[in-house]
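Respectively, the protein sequence lines represent chains A and B. With this note's numbering, the residue at position 114 of the first sequence is 116, and numbering never jumps. With this note's numbering, the residue at position 24 of the second sequence is 26, and numbering never jumps.
2 protein chains.
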Amino acid sequence: MSASTEFIKKLRDSGLRPTKQRIKICEILFNSEKTFHFSINKLVKLIKKNSNEKISLATVYNTVHAFKKKGYLKEISINSMQSFFDTNTSNHHHFYNLDNKELIDIHDHEVEPIKINKEIPGKRIKSIELLVKIENKN
Amino acid sequence: MSASTEFIKKLRDSGLRPTKQRIKICEILFNSEKTFHFSINKLVKLIKKNSNEKISLATVYNTVHAFKKKGYLKEISINSMQSFFDTNTSNHHHFYNLDNKELIDIHDHEVEPIKINKEIPGKRIKSIELLVKIENKN
DNA sequence: GTGAATGCAAAGGCTTTGCACGAGT
DNA sequence: ACTCGTGCAAAGCCTTTGCATTCAC
Chain A
3 MSASTEFIKK
13 LRDSGLRPTK
23 QRIKICEILF
33 NSEKTFHFSI
43 NKLVKLIKKN
53 SNEKISLATV
63 YNTVHAFKKK
73 GYLKEISINS
83 MQSFFDTNTS
93 NHHHFYNLDN
103 KELIDIHDHE
113 VEPIKINKEI
123 PGKRIKSIEL
133 LVKIENKN
Chain B
3 MSASTEFIKK
13 LRDSGLRPTK
23 QRIKICEILF
33 NSEKTFHFSI
43 NKLVKLIKKN
53 SNEKISLATV
63 YNTVHAFKKK
73 GYLKEISINS
83 MQSFFDTNTS
93 NHHHFYNLDN
103 KELIDIHDHE
113 VEPIKINKEI
123 PGKRIKSIEL
133 LVKIENKN
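Shown next as C-alpha cells:
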C-alpha cells in the first residue's frame with residue numbers, strides 16, 4: 003500500500019475528505035519517519051518546493067487547524083510572535099534554541115517526572131508542557 | 003517617600019525617563035503587593051479606568067516592552083493568539099485555566115526540582131518554563 | 001446532485017513605524 | 001538646547017472570512 007493510499011484512508015477515517023491539497027500536505031508532514039517542527043510560513047515554503055501547483059494560503063491554514071483538531075499536530079507557542087506545530091503528538095517537551103530560533107525535542111523519558119504540589123479545587127490537569135530555553139555558552 | 007517617588011527613582015536608575023505615562027503605568031502595575039497577569043488589552047482598560055487622561059496605544063506597547071527588556075515584566079505565551087505579561091519576574095511556573103483563560107502562579111517551591119537528562123553540546127539552559135493546562139473536572 | 005473544500009481577495013485584529021510635537025535633563 | 005518619549009495615523013503582518021467555483025461522495 004502506497005503512502006498516499008494510507009493518508010487517504012486516514013483522512014477519510016477521521017471524517018476529512020481526502021482532497022488533493024490535504025493529501026499533499028499529509029505527504030509533506032507525515033511521510034518521514036522523523037517528526038519535525040514547522041511554522042505555517044515554513045510549511046508554505048515546503049509546499050512550494052515540493053509541488054508544482056500551489057495551495058491557497060487559506061487552505062493551508064484550514065488544513066493545519068483541521069489536523070490539529072484531529073490530534074495529528076500539536077502546537078508549541080514560544081511567545082506572541084512565534085508559534086510552531088509539531089508532527090510529534092506524543093507526550094514530550096522542548097528545548098528552544100534562542101540563537102537560531104529552533105525547537106529540539108526532549109522526550110518524556112528524558113525528564114524526571116514532574117511533581118506539582120499544588121492543586122486547584124475542581125480542576126484537573128489537562129497537559130504539562132515544559133519549555134527550556136537554551137543559548138550558546140558565551 | 004510616596005510610591006510615585008520610588009517609581010521615578012526606579013525608572014531613572016534604569017535609564018528610562020520618568021514620564022507621566024510611564025509613572026502612571028508603574029502605578030497600575032507595581033503598586034499592589036500582589037503580582038498579577040495581564041494582556042496589553044487588559045492594561046489599556048486598566049489605564050482607562052484608572053485615569054482621566056488616556057495614554058496612546060503606541061506608548062503602552064513601548065512601555066511594556068521597555069519594562070520587559072529591563073526585567074520588570076515577564077512574558078508568558080499560551081499560544082499564537084494569547085500572551086500575557088506577569089509582574090512577578092521571579093522564578094515560577096503557571097497553571098493555565100482553559101475554561102476562563104486565566105493564569106495562576108505555581109511558585110517554584112511548589113514544584114519538585116525539574117531534572118532534564120539531556121544536554122545540547124555548547125548550549126546552556128537560560129530558563130525553564132512549565133505551563134500546566136487545567137480544566138474543570140467534568 | 002449535494003454538501004464540503006478550495007481559492008481568491010477583502011477584511012480583521014493586533015502590533016509596529018514614521019514623523020511632528022512635547023516633555024525631561 | 002538636546003535628546004528622548006509621546007501621540008496619531010498609516011502601514012504591516014499574520015490570520016480569518018465571505019462567497020463563487022470546484023471537487024468528493
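Ideal Cβ placement from N, Cα and C applies to all residues, glycine included.
- Per DSSP, the continuous alpha helix (DSSP H) segment holding phenylalanine 69/B begins and ends at 59-72.
- Inclusion of lysine 76/B and aspartate 88/B in the CB contact set at 8 Å is warranted, their separation being smaller than that value.
- A direct Cα-to-Cα measurement between lysine 26/B and isoleucine 49/B gives close to 8 Å.
- Straight-line spacing of the CA atoms in asparagine 54/B and tyrosine 63/B works out to 19 Å.
- Taking the C-beta atoms as reference points, phenylalanine 97/A is found nearer than 8 Å to isoleucine 136/A.
- Separation of isoleucine 57/A and cysteine 28/B (C-alpha to C-alpha, rounded to the nearest whole angstrom) is 48 Å.
- The straight-line gap separating the alpha-carbon atoms of aspartate 110/A and leucine 132/A is approximately 10 Å.
- Closer than 7 Å at the C-beta level to chain B, one finds these residues of the segment 71-97 of chain A: Glu77, Ser79, Ile80, Asn81, Ser82, Ser85 and Phe97.
- In the three-state reduction of the DSSP assignment, serine 85/A falls in the strand class.
- Counting along the chain, arginine 19/B sits inside no alpha helix (DSSP H), nor does DSSP assign it H or E at all.
- Closer than 8 Å to the CB of lysine 120/A there is at least one CB belonging to chain B.
- Per DSSP, asparagine 99/B is one residue of the beta strand (DSSP E) stretching across 94-99.
- Shown here for threonine 37/B: same chain residues with a beta carbon closer than 6 Å to its own, the five before and five after excluded, namely Thr89 and Asn90 in chain order.
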